[in-house]
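Asker: From first to last, the protein sequence lines are chains A and B. Count the first sequence with this note's numbering and you get residues 1 to 143, in order. Count the second sequence with this note's numbering and you get residues 144 to 1044, in order. For reference, the structure I am asking about is given below.
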Amino acid sequence: MVKSVCPYCAVGCGQNVFVKDERVVHIEGDPDSPVSRGRLCPKGSASLQLTTGETRRLEVLYRAPYASDWEVIDLDTAMDMVAERVLRTRREFWQWDVEGKRVRRTMGIASLGGATLDNEENYLMKKLYTALGAIQIENQARI
Amino acid sequence: MGTSFGRGGATSFQQDWQNSDCILIEGSNLAECHPVGFQWIMEAKARGATLIHVDPRYTRTSALADIHVPLRVGSDIAFLGGIINYVVEHEAYFEDYVRLFTNGPSLVSEDFKDTEDLGGIFSGLDEEQRSYDPLTWQYEGEEVGAASGQREQLYEERNEEEGGEKSSGHRPSVASSGRGESHGSGGAAAHPNAVRDETMQHPRCVFQIVKRHFARYTPEMVEQVCGVPRDLFVKVCQTLVDNSGRERTSAIAYAVGWTQHSVGVQYIRTAAILQLLLGNIGRPGGGIMAMRGHASIQGSTDIPTLYNLLPGYIPMPHAHQDDDLEAFLKGVSTDKGYWSDMKGYLVSLLKAWWGPAATEENDFCFDYLPKLTGSHSTYETVMAQLDGKCKGYFVVGENPAVGSANAKMQRLGMANLDWLVVRDFGLIESATWWKDGPEIESGELRTQDIATEVFFFPAAAHTEKNGSFTNTQRMLQWHHAAVEPAGDARSELWFYYHLGRVIREKLSGSTDEMDAPLLDLQWDYPTEGTVAEPSADAVLAEINGWDADGRPLASYEQLNADGSTVCGCWIYCGVFTDGTNQAARRKPAREQSSVAPEWGWAWPANRRIIYNRASADENGKPWSQRKAYVWWDEEQSKWVGHDVPDFDPSKSPWHRPPAGSRGAEALSGEDAFVMQADGKAWLYAPAGLTDGPLPTHYEPQDSPFENLLYDQQRNPVRQVFARRHNRYHPNPGTRGSEAFPYPITTYRLTEHHTAGGMSRWQPYLSELQPEMFCEVSPELAEERELVHRGWATIITARGVIEARVMVTERMAPLLVQGRLVHQIGLPYHWGTNGYSKGDSANELTAISLDPNSHIQEVKALSGDIRPGRRPRGSAANDLVEDYIRRAGITSDTGMEVRGDH
């Protein structure tokens, strides 16, 4: 059994995640939690379906320009393609100055997302984007 | 909240509700949206507390409340302002608390002109720039820096005073600079020692200004504006008054029902003023709880994936001439309070990012930070996409194609990209709009014409990764990986770490100056497991920070400005004290006090109720034994109690700082709001807000009602965008306004989550809430021939949707301005994919934003409703065009700054 936290809203209910043969087999409320005292709402109670349900996709998909459908591609290939595009767009929209003021940035790349993610993930995102010079970085907190 | 108190987080914790004598829930349907948190409200009720729910709809929260107050959507400032007026008029405020802990006695500049003087606007409005110059809002004498919010408002004045080169051009438009959330921790710039009149009688003292400002918010006015009968309103006022003071405390809880307005930040300001007048902040059973809807939405502002912030609410620098670290700090930090140590926080962050490359000589790589030139919020980004100025887009655990305001513009923006990366569990609408979105159905777009490359990466679930969420009460809780993710599913930690690694490899050897921030980046995290997952513990350790010898820091007070300390987010400093992951602490609740300080870790410094110095009086004694929380212990000469004191533990209540003190040293023993530039909570905000120092009722952008309080219809500095697909509705009473007669509000259901990415694909949840619906009253059903369980078509100038009809008395018609008004309720979770399908309410919403937070107004709009299903194909757009034509809507409609037309 592994201690966890419900991924839906920000109440922060404790979850106990039960694992058998390296598979998650059950998720229930953690009675030790001072916030939730073992309870979960309908969404939290459905988190076994969220994490192990059949609708989760497990392969990387790529839609080429003008294409009518997806194709499955290799994860490493996809990572390399995205890195290439980031560098290309970054350079294409790079700005050293705006109206004589130094900005050192790219306006070509934006990002949306973070409120469902871990603090550590948001930290690496902000760190990398800032080093890239990308500033249009936003998440659900704005929405 | 940041502007009022100094930190932009809930002031309390959910379990503390059980200590409340009265709880006011407004702008939130807590029982349905946060059911498990709601148990603590029921605990309070079981102990005799009175529960008040103010909401347009009668929900499960209302059903469990002692008093339910239905009101018209978008009228909350009038309602809360009415309570403020009641409290002041009846002299029911907590006078000692107000004098001691708020800026009530502080004098405001003679140049300040209130909405009372100027017909609904404040002094300093620049109509052309659509912004306020806040200089006249300052205290008498000297200026004050905001702990949060628009902290750079005074940048140019300050640097000029110091003999800095005068900036060319006009002041930057404040409304476009976007600093609203930068008061997350640390208040706005303000004079540290304002001239005060302790009797609070001076006509220019804050208290008297507040009194005059709200005088017109009478019960009669509330009845006319909000549709709340006078006796019901007075009952709410008296209940709050009866349950506040030395012996009793009341709490307020809100959610996005308050934030999602064109004057949303001021909604929360109104609540803050009320709670300060009643003496309910920093005390058990009091406070203001922001109820957030995502597991780590607090965390994602603390460590912000937001354009205007760096970790710990340090503002992102704006482009100024001759910008450097010192000029930046001078522009944004305060002289008094903990925010004056910003240099230590920022330098430690720069060291965490650029390590040895960051030196005293090169300003610790301050120049590596990209600079802002205005607002770059997600909605401006959509405009930039439409204009072809932003060509790459990462969408990470969000679904803007149906979840953001004006969904059509979101999709059209994406159709204009070079490339799009979507990371999620499944194929959400934001990943598939190019083949099955509404524009494909209508023929506006053809798949074979769309050039956008789309990558879909499967995401790992919370059970497949280590990491921390920060919940709604500022508490970090660690979740442990139970299994490794299957297939190509990966965490965001994995994705961004390896993306950065690949990018750095590709740039290796580059001597181009533009690549230096990437090549100097500290990016060596240990990886583990078969998928080479970066260690989340190592990242948290960096967020916490270490000293020159590599030892983990325990407190942000240890951070230095000389580059000897490293810290990725100063407000989280202490979460890795002694090298132990404090967020992973799980001492069972039954084995510790009700404050539960050993479960997880709360920022700042594991304090669970912040500003808790205010739970004691001027001599450090609890206001009452019943409400004792933190107090001064004479024998030990320190602050003690049930929580970590949010105060220097050894500073006596009688301490008075020597003249010339700076920073935390300048705080007196009475300055309970330690992040504020003057140590006081702000009834009146002399700095930090873009749309005024006091809340004012303005009507929503799209409203069927005129503003009865002022001739000024709307927030003059709201952000509006005159775009083809973003048309606004005519002003009430003008030609064409009758086309959109009904107020509409949007909301969530228990069984779904936001835009549905985490719920519409689950069979259980989809079965419980299978499709989109609208809630209407029996009276409206009759008026528009709507049939229960039949279909309705709902139209605005942005779009048209269909929904199943739920006829329910829960949507009670209200008598407003002598008119019976029917409101329409729309849950907004749907889209075309998943098991549970339906039209998105965001086809109807417009992009009109609060100028502080840049949050969209989707809780109050207007529209029309008719029976039956919506037209298909291009006929759907024809219907919207027909409404636009009939209503006489142009690009100028609803764009005014002043007045009502």
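Glycine included, C-beta positions come from ideal geometry on N, C-alpha and C. Values in this document were obtained by computation on a predicted structure and should not be read as measured data.
1) Give the secondary structure of aspartate 219 of chain B by DSSP, where H, G and I count as helix, E and B as strand, and everything else as coil.
2) When you compare each of B/Thr888, B/Met954 and B/Pro601 to leucine 61 of chain A by their alpha carbons, which one comes out closest?
3) Considering only DSSP beta bridges, list what histidine 461 of chain B is partnered with.
4) Does any residue of chain A bring its CB to less than 8 Å from the CB of alanine 1003 of chain B?
5) Counting only Cβ-Cβ distances shorter than 9 Å, please list the residues of the segment 111-133 of chain A near chain B, keeping chain order.
6) DSSP state of histidine 356 of chain B, grouped into three classes?
7) Residues of chain A with a CB under 8 Å from the CB of glutamate 596 of chain B: which are they?
8) Is it true that the CB of alanine 820 of chain B sits closer than 8 Å to the CB of histidine 404 of chain B?
9) Does the pairing of the segment 217-225 of chain B with the segment 411-424 of chain B give three or more beta-carbon distances under 8 Å?
10) Against chain B, does threonine 77 of chain A count as a neighbour if the rule is that its beta carbon must be under 8 Å from one of theirs?
11) Closer than 7 Å, Cβ to any Cβ of chain A: which residues of the segment 719-752 of chain B, in chain order?
12) Looking only at C-alpha atoms, which of B/Ser147, B/Glu607 and B/Leu563 sits nearest to serine 47 of chain A?
13) If you follow the alpha helix (DSSP H) that threonine 193 of chain B is part of, which residue opens it and which one closes it?
14) Could you tell me the alpha carbon to alpha carbon distance between isoleucine 593 of chain B and serine 651 of chain B, rounded to whole angstroms?
15) DSSP three-state call for tyrosine 282 of chain B: helix, strand or coil?
16) So the candidates are B/Tyr1026, B/Val475, B/Glu986 and B/Val241; which of them puts its Cα closest to the Cα of aspartate 1007 of chain B?
17) In chain A, which residues lie with their C-beta within 7 Å of the C-beta of glutamine 272 of chain B?
18) Do you know offhand how far leucine 852 of chain B's Cα is from methionine 364 of chain B's?
19) Going by other Cβ atoms of all chains shown within 10 Å of its Cβ, with 16 needed for buried, is serine 316 of chain B buried or exposed?
20) Report the start-end ranges of each alpha helix (DSSP H) in the segment 392-426 of chain B that is 4 residues or longer and not cut off at the edges.
21) Count the other C-beta atoms from every protein chain shown that fall within 10 angstroms of the C-beta of alanine 684 of chain B, then say buried if there are 16 or more, exposed otherwise.
22) Can you name the residues that DSSP bridges to histidine 622 of chain B?
23) So the alpha helix (DSSP H) leucine 696 of chain B belongs to, where does it begin and stop?
24) Once the 5 residues before and after glutamate 922 of chain B are set aside, which same chain residues still bring their CB inside 7 Å of it?
25) Have a look at B/Ala396, B/Leu173, B/Gly436 and B/Val251 and flag the residue whose alpha-carbon is nearest the alpha-carbon of valine 349 of chain B.
26) Along chain B, in chain order, which residues have C-beta atoms closer than 8 Å to that of glutamate 101 of chain A?
27) Quick one: measure Cβ to Cβ for valine 5 of chain A and phenylalanine 612 of chain B, integer angstroms, because I've assumed they're closer than 8 Å.
28) Would you say aspartate 510 of chain B lies against chain A (beta-carbon separation less than 8 Å)?
29) For the putative contact between leucine 50 of chain A and alanine 681 of chain B, defined by C-beta atoms under 8 Å, what is the C-beta separation to the nearest angstrom?
30) Kindly provide the ranges of any alpha helix (DSSP H) runs that are 4 or more residues long and lie completely inside the segment 913-949 of chain B, ordered along the chain.
31) Between proline 847 of chain B and isoleucine 1032 of chain B, which are expected to be in contact by the criterion C-beta below 8 Å, what is the C-beta distance as a whole number of angstroms?
32) Apart from the five residues just before and just after proline 660 of chain B, which ones in its own chain have a Cβ nearer than 8 Å to its Cβ?
33) Pick from B/Ile424, B/Thr939, B/Leu261 and B/Lys494: whose alpha carbon is nearest that of aspartate 1057 of chain B?
34) Using a Cβ cut-off of 8 Å, pull out every chain A residue sitting near glutamate 894 of chain B, in sequence order please.
35) Are the Cβ atoms of serine 147 of chain B and alanine 824 of chain B separated by less than 8 Å?
36) Can you give the Cα-Cα distance for arginine 566 of chain B and arginine 104 of chain A, rounded to whole angstroms?
Answerer: Per the coordinate set shown:
1) helix
2) B/Pro601
3) B/Leu515
4) no
5) Ser111, Leu112, Gly113, Gly114, Ala115, Thr116, Leu117, Asp118, Asn119, Glu120, Glu121, Asn122, Tyr123, Leu124, Met125, Lys126, Lys127, Leu128, Tyr129, Thr130, Ala131, Leu132 and Gly133
6) helix
7) Tyr62, Arg63, Ala64, Pro65 and Arg85
8) no
9) yes
10) no
11) Arg729, Pro731, Ala732, Ala739 and Trp742
12) B/Glu607
13) From DSSP, threonine 193 of chain B is part of no alpha helix (DSSP H) but of the beta strand (DSSP E) over 193-197.
14) 34 Å
15) strand
16) B/Tyr1026
17) Under the 7 Å cutoff, chain A gives no residues; its nearest Cβ is about 16 Å from glutamine 272 of chain B.
18) 8 Å
19) Low confidence applies to serine 316 of chain B: its pLDDT is 39, below 50, so where it sits in the model is not reliable enough to give any reading.
20) 399-402 and 407-420
21) buried
22) B/Gly610
23) That residue, leucine 696 of chain B, is in no alpha helix (DSSP H); it is neither H nor E in DSSP.
24) Pro956 and His965
25) B/Val251
26) Sequence inspection shows lysine at residue 101 of chain A; the glutamate mentioned does not correspond to that position. The contacting residues are Ala462, His463, Gln464, Asp466, Lys514 and Thr516.
27) 5 Å
28) yes
29) Not quite, the Cβ-Cβ distance comes to about 27 Å (not below 8 Å), so this is no contact.
30) 921-927
31) Between isoleucine 1032 of chain B and proline 847 of chain B the Cβ distance is about 15 Å, and since that is not below 8 Å, they are no contact.
32) Trp497, Cys508 and Tyr511
33) No information on residue 1057 of chain B is available, as it lies outside the stretch 144 to 1044 that chain B covers here.
34) Pro42 and Lys43
35) yes
36) 28 Å
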